[in-house]
Structure formats: structure tokens, C-alpha cells
Amino acid sequence: MAKNKNPEKDTTKKSDLSANASNKWSRKRRIEFIDFRLSIDGKINRADLVDFFGISIPQASLDLSYYRDLVTNCNPPRENLHYDMHQKVYLRTEDFKPVYPEQCGSSNFFNDLIQYAKNELPQSKNYFGFTPDVGLACLQPPKRIIDESVLSNLLDAIRGHLALHIVYKSLSSDSNEDFLIAPHSFAFDGFRWHIRAYCYDRHEFRDYVLSRIRSADHPKTQAPNDRFSDPIGNGFREVGTGNKDDFDWNEMVTLELQANPELPENARRAIELDYGLPKEGVLKHQVKKALLFYAVRSLHLTQAYRKLPPEERQLALVNQKEIDDILGSMDK
1316 MAKNKNPEKD TTKKSDLSAN ASNKWSRKRR IEFIDFRLSI DGKINRADLV
1366 DFFGISIPQA SLDLSYYRDL VTNCNPPREN LHYDMHQKVY LRTEDFKPVY
1416 PEQCGSSNFF NDLIQYAKNE LPQSKNYFGF TPDVGLACLQ PPKRIIDESV
1466 LSNLLDAIRG HLALHIVYKS LSSDSNEDFL IAPHSFAFDG FRWHIRAYCY
1516 DRHEFRDYVL SRIRSADHPK TQAPNDRFSD PIGNGFREVG TGNKDDFDWN
1566 EMVTLELQAN PELPENARRA IELDYGLPKE GVLKHQVKKA LLFYAVRSLH
1616 LTQAYRKLPP EERQLALVNQ KEIDDILGSM DK
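Once you know that position 73 of the sequence shown is 1388 in our numbering, the rest is easy, because the numbers rise by one and skip nothing.
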């Protein structure tokens, strides 16, 4: 290639730089694709790359060669693929180890498989070649409609620590209710999204289900401290309304999970494998105190579940009394 005769003058166009950056990103995706197909399907050919990425056959050959060189230069070096002349495909070798283990791991595989089964996996992310038949027994959470203006106004309020009015449909009232809130965070309970906010009408931090917020005003004013009459007659109280003032949000609680000790030993061993419990049999899971009830409910560890027969309760809490005391104090 001829060198630029004037080294002080860079004749490279910005469009060329953008194209180079795009090609590098595309190549990384193509290498991930090769790695995934070999790991999951056990084979790949040039046509797979051509069909998915819309590249030329020569480019597909270059990508496969690049992948082979990449794994050859790994530590330790290995051969992840070899070409089968009869099938005319590259096959996974016995000493295969993925270049991107997280991408090819079981967690990512099953997450994508669930999305695929629900017809929610974007085509651009669907690396599957062969896909097994999948059945979904659980009730899929409905696609909750959250007004874009509501979300936008809530985000503006969080960013600027601003207060805003919302119209909310609660379970305890026949009509919509109007609240003045200072939101600071989002929370997911495994089924629904909530906004965590200080409520000036209730004088406390509360959770609001996002899909029940019918409208939200555009926030314009800074969220002030809340000053209100003390309910037990000690004059006035003043409390902060920001994230740092939400003590239940910032305090962490540890759930000590174990297989239900009321079950036979062989059943407990199976449950320990199922939930990935460590060798000592106790898994410690930290959760925000404000979200403790959601966590306990999702694990079927509430008092209502504890009344069921042992065979219907796989998990139990080692620190059950501690958790009950915390939940009891939050109800007061």
C-alpha cells in the first residue's frame, strides 16, 4: 500500500473511521455468534454467517479463520473447531472452551430460550440454530402499559430530586387518588415495577405500582423536606424526602435460606441442588429492607405459606424469627 506522501496531512475521512469502528463491532458480534453456535449447536458453516449478518462468503471465511487464530493463541492454546469434509461444516472439538463463557453459559441460554418461546427475542439477538420445543407452564406477567409521559416525568423528578403530583388507582379506594410525591428509585418485585417515593400526603416513603399511575404532572419544583404535625402530639416534625433519607431503602436485610428441614434428607439434597445452595446448606441473600416483603412472598415464605404441609414448602428461613420481627415492625 502506498504511504501518504505528506505525513502531517491526515487524509482519512470521518466516514472511513466510522466504518472501521462499525466493522470492528460487527466482527466482535460475528465472533460471539460463531462461539455460541459451536457451543450450543456443535457446528457452524459459512452460510450461517452469511444468512444472519448479510456478509459475503469470503468475509465469512475470514471470520472463521480469525476465530480459529483467536482460540489458538489463547492460554492454554486449543482447537475449538475442525472442518468436516463430508458434512461441509465446522464441528465443535472435544476440548472446546468458549471464548465468551458468559454468552454461551446456561443462564444466558435459558433466558434467551424463554424470550424465544414467548416470541419476544429480537431477531438481531437470536443466535439459535437448532431450538428445542419449549413449553411454558407459568402464568406470564401481562404486558403492563405504562404511559410514556408518566415514565418521562418520573425520571425527570428522580434526576432533579423534584416533587410532582400523580393520579393513582389503589386497591383500597373506588376512585383515583391524587398524591404529591418525591420519587427517588425504581423497584421490581419479580412481577411488577414500582416507583419508590416519599408521599407528602401520607408522610412516609411508599411504593407505587407503575401501571396504576394514571397520570403524572411535569415536575417543576425541588422536593422540599416534609414538615407536619406529630401524630402523638410532640409539636411538628421535619423529615428529608430524598434517597439518603429513606432508611428502609438503604438498610440491607439478609435472608438465610435452607431446604425445608421438615422434609426427608433425600428431598432436602435435591432441593439444595435445585437452588444451588452451598455445601453448608445455607444460602445468604441480601435484600433492601423496603423490599423484604416482596422477597419473602416470591420465595413462598410468608406466614400463609408456612401453614401448608411440608412437602409443599421447599425452602425455609434459618433466621425466621428475625425476619418476622422486622416485617412486624414495618407494619406498625
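Glycine residues also receive a C-beta, built at the ideal position from the N, C-alpha and C atoms.
Report all residues from its chain with a CB closer than 8 Å to the CB of Met1567; omit the five preceding and five following residues, and keep chain order.
By the criterion of a C-beta distance shorter than 8 Å, Met1567 is surrounded in its chain by Gln1601, Val1602, Lys1603, Lys1604, once the five residues flanking it on both sides are discounted.
Are there 16 or more other CB atoms within 10 angstroms of the CB of Asp1350, so buried, or fewer, so exposed?
Buried: at least 16 other Cβ atoms inside 10 Å.
Which residue from Lys1599, Ile1370, Leu1495 puts its Cα closest to that of Tyr1515?
It is Leu1495 whose Cα lies nearest to the Cα of Tyr1515.
By DSSP, does Phe1494 sit in helix, in strand, or in coil?
Correct three-state label for Phe1494: strand.
Indicate whether Val1524 and Arg1507 have their beta-carbon atoms separated by less than 7 Å.
Contact: yes.
Limits of the alpha helix (DSSP H) - the one that Phe1543 falls within
Counting along the chain, Phe1543 falls outside any alpha helix (DSSP H), though it belongs to the beta strand (DSSP E) covering 1541-1544.
Taking 7 Å as the threshold (C-beta atoms), are Leu1592 and Pro1625 in contact?
Their beta carbons are not under 7 Å apart, which means Pro1625 does not touch Leu1592 by this criterion.
Residue from Val1414, His1397, Glu1409 whose Cα sits closest to the Cα of Leu1385
Of the candidates Val1414, His1397, Glu1409, the residue whose Cα lies closest to the Cα of Leu1385 is Val1414.
Can you find at least 3 beta carbon pairs, one from the stretch 1396-1407 and one from the stretch 1351-1366, that sit closer than 8 Å?
Taking 8 Å as the limit for Cβ pairs, the verdict is that the stretch 1351-1366 does touch the stretch 1396-1407.
Indicate whether Arg1393 and Asp1410 have their beta-carbon atoms separated by less than 7 Å.
Cβ atoms of Arg1393 and Asp1410: closer than 7 Å.
Tell me the DSSP secondary structure of Met1722 in three-state form.
The requested residue 1722 does not occur in the structure, where the chain is confined to residues 1316 to 1647.
Leaving aside the five residues before and after Tyr1431 along the sequence, list all residues of the same chain whose C-beta is less than 8 Å from its C-beta, in chain order.
Short of 8 Å from the beta carbon of Tyr1431, and not among the five residues preceding or following it, lie these beta carbons of its own chain, in chain order: Asn1441, Phe1443, Thr1446, Val1449.
Write down every uninterrupted run of the beta strand (DSSP E) in the stretch 1444-1517 whose length is 3 residues or greater and which is fully enclosed by it, in chain order.
Every beta strand (DSSP E) stretch that sits fully inside the stretch 1444-1517 and reaches 3 residues is listed by chain position as 1477-1483, 1492-1503, 1508-1514.
From Glu1571 to Phe1424, what does the alpha carbon distance come to, in whole angstroms?
One C-alpha to the other measures close to 28 Å.
Compute the Euclidean distance between the alpha carbons of Phe1551 and Lys1535, then round it to the nearest angstrom.
Rounded to the nearest angstrom, the two C-alpha atoms are 26 Å apart.
Where Glu1519 falls: helix, strand or coil (DSSP):
In the structure shown, Glu1519 adopts extended strand secondary structure according to DSSP, grouped into three states.
Beta-ladder partner(s) of Ala1605, from DSSP:
Residue pairing by DSSP places Ala1605 in no beta bridge whatsoever.
Which one or two residues does DSSP pair with Tyr1398 in a beta bridge?
In the DSSP output, where bridge partners are listed per residue, Tyr1398 has Tyr1405.
Roughly how many angstroms separate the alpha carbons of Leu1479 and Gly1505, rounded to a whole number?
A straight-line Cα-Cα distance of about 27 Å links Leu1479 and Gly1505.
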